[in-house]
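Residue 1 is where the sequence shown starts when you use UniProt numbering, and the numbers rise one by one after that. Ideal Cβ placement from N, Cα and C applies to all residues, glycine included. Predicted model only: the values in this text are computed from it and were never measured.
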Amino acid sequence: MSHSAFVPFCTFVDTAFWAELNKRKLHDWRLDESPREIRGLFSLFDATGDECRLSLSHESFDSGTVGTYQGRLILLNTLENFKGLDRKALLVEESQKVWDIIRSGEWLLRPELLVPFTFTAFAELKKFVYYYWTCCPALCYPDDIKQEVSPYADNGNLLRYFDKTKSLAFLVDIHGNCSELKNLESVQDPSTVKIVFVDPSPVPNCPGWPLRNLLAAVAYLKEDWQWCSFVALRGGLDVKEFKISWQRTKADQLPSCVGWERNTQGKMAPQFVDMRRQFDPKKQSLSEFADARESRGKAETAAAALKRIYPTMDAEAYRVTVPMPGHTISSSEEAALERDVAAIDDMVAAHDVVFLALDSREARWLPTVLSTKHRKMAFSVALGFDNYVVIRHGVRTDSSEVQPASDSTSVREGTVIPYSELACYFCSDVTAPGNSSSDRTLDQQCTVSRAGLSMIASGVAVELLSSVLQCPEPLQTPANIGEPDDSTSLLGATPHQVRGYLSRFSQMTPCVRRFDKCVACGSTVGEEYAKRGADFVKEVLNSPSYLEKLTGLDQLQASINDVHIEFSDDNDSIMSL
1 MSHSAFVPFC
11 TFVDTAFWAE
21 LNKRKLHDWR
31 LDESPREIRG
41 LFSLFDATGD
51 ECRLSLSHES
61 FDSGTVGTYQ
71 GRLILLNTLE
81 NFKGLDRKAL
91 LVEESQKVWD
101 IIRSGEWLLR
111 PELLVPFTFT
121 AFAELKKFVY
131 YYWTCCPALC
141 YPDDIKQEVS
151 PYADNGNLLR
161 YFDKTKSLAF
171 LVDIHGNCSE
181 LKNLESVQDP
191 STVKIVFVDP
201 SPVPNCPGWP
211 LRNLLAAVAY
221 LKEDWQWCSF
231 VALRGGLDVK
241 EFKISWQRTK
251 ADQLPSCVGW
261 ERNTQGKMAP
271 QFVDMRRQFD
281 PKKQSLSEFA
291 DARESRGKAE
301 TAAAALKRIY
311 PTMDAEAYRV
321 TVPMPGHTIS
331 SSEEAALERD
341 VAAIDDMVAA
351 HDVVFLALDS
361 REARWLPTVL
371 STKHRKMAFS
381 VALGFDNYVV
391 IRHGVRTDSS
401 EVQPASDSTS
411 VREGTVIPYS
421 ELACYFCSDV
431 TAPGNSSSDR
441 TLDQQCTVSR
451 AGLSMIASGV
461 AVELLSSVLQ
471 CPEPLQTPAN
481 IGEPDDSTSL
491 LGATPHQVRG
501 YLSRFSQMTP
511 CVRRFDKCVA
521 CGSTVGEEYA
531 KRGADFVKEV
541 LNSPSYLEKL
551 TGLDQLQASI
561 NDVHIEFSDD
571 NDSIMSL
């Protein structure tokens, strides 16, 4: 006899599984991280490979599916929750359930309970990328397991019985008669019966993972047995009989256990799958479904579409990574960072207007710094679920260039803010921008927006630019505090901000003066970038709090703690009411 080896499970996730998971996460489960019951499918006809295939498809969510493995889905809301999951404790918890089932004898009536699995996952629904790691708990019991392999002559009776009952384990006697597994309890002699188990293993002389817990259950039930024959039911004629012997030891507590699946590199780590090509639909007016199907870049697709619509259009596509505070980089990425910073700097310098239509607030930081440096008109466009904001950043000029407000304005003196004094997107912040996507659930990210919101916000930004350009001196176009002045430009008002709310179909136009300690348009930030360039950007990426120290925001925050509010004793009577 040789020592036994068991072929582990390998999870195969069908595209339809992810599609169904997306739908249920968005519409049914939302932020609920409670475990969900799912089913794992298997195949008896795999003839190649060295792992048992555990398949998940859209059918896995159907609790009525029979002849399958019972499992749990734990879908975490954030990548940090997925990475921080206590997997050792989870393995022990699931193994304890198996051990309790063995000790209670419930497995004799429901052998499928011996092959549980837990599918842990995180779904980045915005990007259609998924992380997952499967646990198939197995007890390391009994000891000193050895096997002797021989062919088993079967005329198809075993497969017919399985097709009829869908039982994952059953008995066959020396005459070839099949019966339910529960009859094993009355069997005294192991030579009079064989235990048939559904085996998805493609390896000829190695049984699959399902045998591990079944063997542990038999060894626990039959204290005086030291061997038993197991028939591995596989498709075709390749049916094997494994005569397994063991050394039984007394086990009052949970034996040692294993079960976490290895990745494709053979390491104990989660798997990653990118489904953007299959799932990412056409979401932009300049894109078509074929562009998403072929995984074409958004910038390249938009530029090509503009030229196709209007051949004389001067449109170029650039593929760069926008450096963002809080999104740390390693030393190996520094060269790429320098290239990206230089490319973005050149692009801002070469254009008259910059639209900051980016996914996160920290992504707008560097373009804001560069727009301020090159004195370019910049418009930030930010979206929530049902609200948006369009902000035109102030354009700094020399004091000698600042002109008084046009005499055509009808607002009172003191209610007009010059273009150079208008706040940028970050002027209202008292902290430096950080990684807004880290440890955030789906509803806390700008991931899901109402269907027409992006078009509305983008249209408002373009119309705001049009109004500014119709002023006699566009770079000196002021904004009014209070109600906008319709006579500011040929096309009407030129507000500083437009905030829209689809929930009540309304807009407001606040006006904010620039903040001298701003982490983006502040003079100290511009001077530091001029001195250090990409090195400064790298420091901000790895330590966003550096911006607070540079601009003096840290001192402002500290001063708040020094504020003391004293209450007069005269208020005691009021406070006691």
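Item	Value
Burial state of P323 (16 or more Cβ within 10 Å)	buried
C-beta contact flag for A299 and A317 at 9 Å	yes
Proximity of N22 and F128 at Cβ, strictly below 9 Å	yes
Secondary structure of V341, DSSP reduced to three states	helix
Inter-residue spacing [alpha-carbon to alpha-carbon] between P204 and L184	27 Å
Own chain, CB closer than 8 Å to residue 660, minus 5 neighbours either side, in chain order	Outside the displayed range of the chain (1 to 577) lies residue 660, so it cannot be described from this structure.
Simplified DSSP assignment, three categories, for M377	strand
Element boundaries [beta strand (DSSP E), containing P137]	129 to 139
Alpha-carbon spacing of A121 relative to G64, whole angstroms	23 Å
Range covered by the beta strand (DSSP E) that runs through F119	117 to 124
Buried/exposed call for D340, threshold 16 Cβ in 10 Å	buried
contact_flag[the region 84 to 94, the region 194 to 203] where n(CB pairs < 8 Å) is 3 or more	no
The region 98 to 109 / the region 144 to 153 touching (three or more Cβ pairs under 8 Å)	no
Option nearest D189 by Cα separation, candidates K222, T134, T68, D32	K222
CB contact flag (L109, L214, <9 Å)	no
Per DSSP, cross-strand counterpart(s) of H3	K146
Cross-strand partners of E180 (DSSP beta bridge)	F170
Reduced DSSP category for residue 578 - H, G, I as helix; E, B as strand; rest coil	In this structure the chain extends from 1 to 577, so residue 578 is not present and cannot be described.
Whole alpha helix (DSSP H) elements within the region 174 to 233, 4-residue minimum	210 to 221
Stretch pair the region 513 to 527 + the region 422 to 431: three plus CB contacts closer than 8 Å	yes
Buried or exposed (CB count within 10 angstroms, at least 16 for buried), A232	buried
Where Y419 sits in the DSSP three-state scheme	helix
Extent of the continuous beta strand (DSSP E) run through R532	Careful: R532 lies outside any beta strand (DSSP E), inside the alpha helix (DSSP H) at 523 to 532.
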